[in-house]
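Protein chains in written order, with the working numbering: chain A, 70 to 338; chain B, 7 to 190. Ideal placement from N, C-alpha and C gives every residue a C-beta, glycine not left out. Just so it is clear, the structure is predicted and the values come from calculations on it, not from any experiment. Please read the structure below before turning to the comments.
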Amino acid sequence: MALKGNLRDVGLNQLLNLIYLAHKTGALTVQNEDAAGKARLYFKEGRLIHAAVDGQDARLTDVMVKVGKLTPDQAKAVRSRSRVDTDKELGLLMIQNGMLNQKDIVQGVKNYLLETVYQLFTWRAGQFRFEPNELPPEERITVAVNLDHLIIEGSRRVQEWEQLRDELPDLDVPLRFADRPDTNLRSINLSVEQWKVISFINARNTIRQIANFLKVDEFQIRRIVYGLQSAGLVDVLATSPARPPTPIVPAQPVGRGVLLRVIDRLRHI
Amino acid sequence: MQTVKMVVTGPFNSGKTSFIGSVSEIPVVHTERKITDSTRSVKEQTTVAMDFGRITIDNDLALYLFGTPGQKRFDFMWEILSEGMLGFVVLVDSARPETFREARRILDTFRGYSPTPFVIAANKQDDEDAWPAEDLKIALGLDQDVRVLPCIATQKESVKNILLELLYVILENAPEEKSPARKN
Numbered sequence: 070m071a072l073k074g075n076l077r078d079v080g081l082n083q084l085l086n087l088i089y090l091a092h093k094t095g096a097l098t099v100q101n102e103d104a105a106g107k108a109r110l111y112f113k114e115g116r117l118i119h120a121a122v123d124g125q126d127a128r129l130t131d132v133m134v135k136v137g138k139l140t141p142d143q144a145k146a147v148r149s150r151s152r153v154d155t156d157k158e159l160g161l162l163m164i165q166n167g168m169l170n171q172k173d174i175v176q177g178v179k180n181y182l183l184e185t186v187y188q189l190f191t192w193r194a195g196q197f198r199f200e201p202n203e204l205p206p207e208e209r210i211t212v213a214v215n216l217d218h219l220i221i222e223g224s225r226r227v228q229e230w231e232q233l234r235d236e237l238p239d240l241d242v243p244l245r246f247a248d249r250p251d252t253n254l255r256s257i258n259l260s261v262e263q264w265k266v267i268s269f270i271n272a273r274n275t276i277r278q279i280a281n282f283l284k285v286d287e288f289q290i291r292r293i294v295y296g297l298q299s300a301g302l303v304d305v306l307a308t309s310p311a312r313p314p315t316p317i318v319p320a321q322p323v324g325r326g327v328l329l330r331v332i333d334r335l336r337h338i
Numbered sequence: 007m008q009t010v011k012m013v014v015t016g017p018f019n020s021g022k023t024s025f026i027g028s029v030s031e032i033p034v035v036h037t038e039r040k041i042t043d044s045t046r047s048v049k050e051q052t053t054v055a056m057d058f059g060r061i062t063i064d065n066d067l068a069l070y071l072f073g074t075p076g077q078k079r080f081d082f083m084w085e086i087l088s089e090g091m092l093g094f095v096v097l098v099d100s101a102r103p104e105t106f107r108e109a110r111r112i113l114d115t116f117r118g119y120s121p122t123p124f125v126i127a128a129n130k131q132d133d134e135d136a137w138p139a140e141d142l143k144i145a146l147g148l149d150q151d152v153r154v155l156p157c158i159a160t161q162k163e164s165v166k167n168i169l170l171e172l173l174y175v176i177l178e179n180a181p182e183e184k185s186p187a188r189k190n
C-alpha cells in the first residue's frame with residue numbers, strides 16, 4: 070500500500086522518521102509545489118541508499134561532478150571510455166585512471182545524498198508518494214546513509230522556520246510604524262521586498278493581506294516583517310491572548326464491575 | 007439508571023457520525039447543518055453541535071456515546087461534551103494526511119482537559135489510500151504504548167472492537183474495588 074500525501078501536512082522530517090522507525094524499503098517521490106522540482110529517494114531497511122533529482126539518472130560521474138570531486142571534462146572522459154553505463158564500471162575507470170580512490174567515491178556519494186535531502190527540507194508543500202519495496206536501477210551504485218543524523222540536521226533547518234513562526238505567530242493582524250524616536254533611520258538599508266511591505270502598512274491591512282497582494286508565501290512575509298521589526302521600524306499589533314482551557318471535572322470513578330458489565334454487553338451486540 | 011459516557015472526537019469528516027450510528031440502538035440524534043464555507047467540497051452537511059447515541063447495557067445501566075463537532079469553530083463544545091467522560095476515541099481519516107496535524111491537535115486538547123484513557127481509531131481502512139495504523143502512529147508522533155487501531159466506522163464489528171479496546175484501557179486504569187468489610 071503506497072503512502073500518499075502532501076508535505077504541507079506531513080513534513081519531510083516526519084516521513085523520514087517513519088521510514089527510519091519502521092525500517093521501510095522503497096522509493097519516496099516528492100514533487101515540489103512552490104517551484105519546479107522533483108526528487109526520488111530510495112531506502113533500504115530504513116536507510117537512504119540512492120537519490121535522483123529532477124528526473125535525472127544520477128550516474129556516478131554526474132554525482133562526482135556535483136560534489137566537486139571530478140571536473141565536467143574528467144567526467145566526460147570517463148564516460149567516453151566506459152563500455153557499459155553502470156556505476157560500477159564508471160567507478161573502476163575513475164580508480165584505474167588515478168582520478169579518485171574508493172574512499173573518495175563512497176564519501177562523494179554520501180555527500181551527494183545528504184545535500185540532496187537537505188535541499189528537500191526547504192520544500193514546504195508538494196505531493197509525496199512512498200512505494201514499498203521499489204529499489205533503484207541495478208546499474209546505479211548505492212551507499213547506505215543512516216537517517217538519524219539526517220533527521221537531526223533536518224530538524225535544525227525546520228526549526229529555523231519555526232522560530233520565525235514563533236516570533237510572528239499570527240498573520241491576521243495589522244502592522245503599524247513603530248514610534249521610536251531613537252531609531253537611526255539613516256543607517257537602515259531596506260530591500261525591495263521590505264519597501265513593498267512598508268508601502269502597504271496601515272490599520273486596515275493585515276500581514277496576510279499584504280502577503281497575498283504581494284504574492285509572497287508565509288515564510289517570506291514572516292522573514293520580511295521580522296527584519297522590519299528587528300530594525301525597530303514596525304510593530305505588530307498584539308492580539309488578545311488565548312483563553313486558557315478550563316479544567317474538566319473528572320468522571321466519578323466507575324467501578325470495575327460496571328466496566329465489566331459494559332464490556333460483556335458490547336461483546337454481544 | 008446509571009449512565010456512563012464516552013466521547014468520539016476527531017477532525018472534520020473523519021467519520022464520527024457513522025461510528026456512533028454503527029452501534030447505537032437508537033437513531034443517532036444529531037444536529038446537522040448545510041455547510042456554507044470552503045469545506046463544502048468535502049461533504050454537504052456536518053455536525054455542528056453533537057451526535058448522541060445510546061447502548062443499553064442492562065436495566066440499570068446505559069452507555070452514551072457523544073460525538074464532537076468536527077469543525078474548528080465549534081471547539082468550544084468540546085469541553086462541555088468532555089465533562090464526566092470515561093474515555094474517548096480519536097477518529098482519524100487514514101486516507102487524508104492533511105487532517106493528521108488537526109487530529110494531533112484535538113488529541114492534545116482532550117488530554118489537556120483531564121488524564122482520561124483514550125484510543126486512536128485509524129478510520130477508512132477500506133480506502134485504498136489509507137495509511138496503515140502503525141504508520142499513522144509514527145506520523146502522529148504518538149508514544150509506543152498508545153493504541154492505534156484499524157477501523158471502518160461504517161462496520162459495526164469494527165466499531166465494537168474500538169469501543170472494547172477503549173474499555174480495556176479504561177479497565178487497566180480503573181482503581182481496584184475494595185472488598186466489603188467482613189462482619190464478625
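Residue span of the beta strand (DSSP E) that contains residue i, given as start and end
i      : result
B:L71  : L67 to G73
A:R109 : K107 to K113
B:A145 : Note, B:A145: premise wrong, no beta strand (DSSP E); alpha helix (DSSP H) at A139 to A145.
A:K73  : L72 to N75
B:F94  : G93 to D99
B:F18  : Element bounds for B:F18: n/a, residue is neither H nor E.
B:N129 : F124 to N129
Cut-off 6 angstroms between Cβ atoms - residues of its own chain near residue i, not counting five sequence neighbours on either side
i      : result
A:I118 : Y111, T211 and A213
A:N202 : T94 and G95
B:A136 : S100, A101 and K130
B:R110 : L146
Per-residue DSSP class, three states only, for residue i
i      : result
A:N101 : coil
B:M12  : strand
A:L117 : strand
A:E200 : strand
A:G137 : coil
A:G326 : helix
A:D154 : coil
B:D151 : coil
B:D64  : strand
A:A146 : helix
B:D57  : strand
A:A96  : strand
A:V305 : strand
A:V79  : coil
A:P314 : Low per-residue confidence applies at A:P314: pLDDT is 44, beneath 50, and the placement is therefore not dependable enough to give any value.
A:P238 : coil
B:P181 : coil
Exposure of residue i, with buried meaning 16 or more beta-carbon neighbours within 10 Å
i      : result
B:G73  : buried
A:E207 : exposed
B:L20  : Residue 20 of chain B is actually Ser in this sequence, not Leu. With 16 or more Cβ atoms within 10 Å of its Cβ, B:S20 is classed as buried.
B:E108 : buried
A:Q232 : exposed
B:I32  : exposed
B:I126 : buried
B:K162 : exposed
A:Q263 : buried
A:S149 : exposed
A:N101 : buried
A:F246 : exposed
B:T9   : exposed
A:Q83  : buried
A:L306 : exposed
A:P141 : exposed
A:G137 : exposed
B:P17  : buried
A:P310 : Annotation note: pLDDT 42 at A:P310 (below 50); position unreliable, no value reported.
A:R209 : buried
B:M7   : exposed
Neighbourhood of residue i by C-beta, 7 angstroms cutoff - its chain only, sequence neighbours within 5 removed
i      : result
B:T34  : In the sequence under discussion, the amino acid at residue 34 of chain B is Val, which differs from the Thr named in the question. So the list reads T23, I26, G27, D57, F58 and G59, once near-sequence residues are dropped.
B:A139 : A128, V154, L155 and P156
A:L162 : V147, R150 and S151
A:V132 : G177, V178 and Y181
Close beta carbons around residue i, own chain, < 8 angstroms, minus the five adjacent residues each side
i      : result
A:E158 : S151 and R152
Where the alpha helix (DSSP H) containing residue i begins and where it ends
i      : result
A:R245 : Here A:R245 belongs to no alpha helix (DSSP H); instead the beta strand (DSSP E) covers L244 to F246.
B:A109 : F106 to Y119
B:V34  : First-last for B:V34: undefined, no H or E at that position.
B:E85  : F82 to S88
A:L297 : E287 to S299
Closer than 7 angstroms: residue i CB and nearest the ligand SAH heavy atom
i     : result
B:V13 : Among the components of this structure there are no ligands whatsoever, and the ligand SAH is therefore not found.
Give, in chain order, every unbroken run of the beta strand (DSSP E) that is at least 3 residues long and sits entirely within the segment 252-285 of chain A. none
Residue ranges of each beta strand (DSSP E) run of no fewer than 3 residues wholly in the segment 171-219 of chain A, ordered along the chain? Taken in chain order, the whole beta strand (DSSP E) runs of length 3 or more contained in the segment 171-219 of chain A are 196-201.
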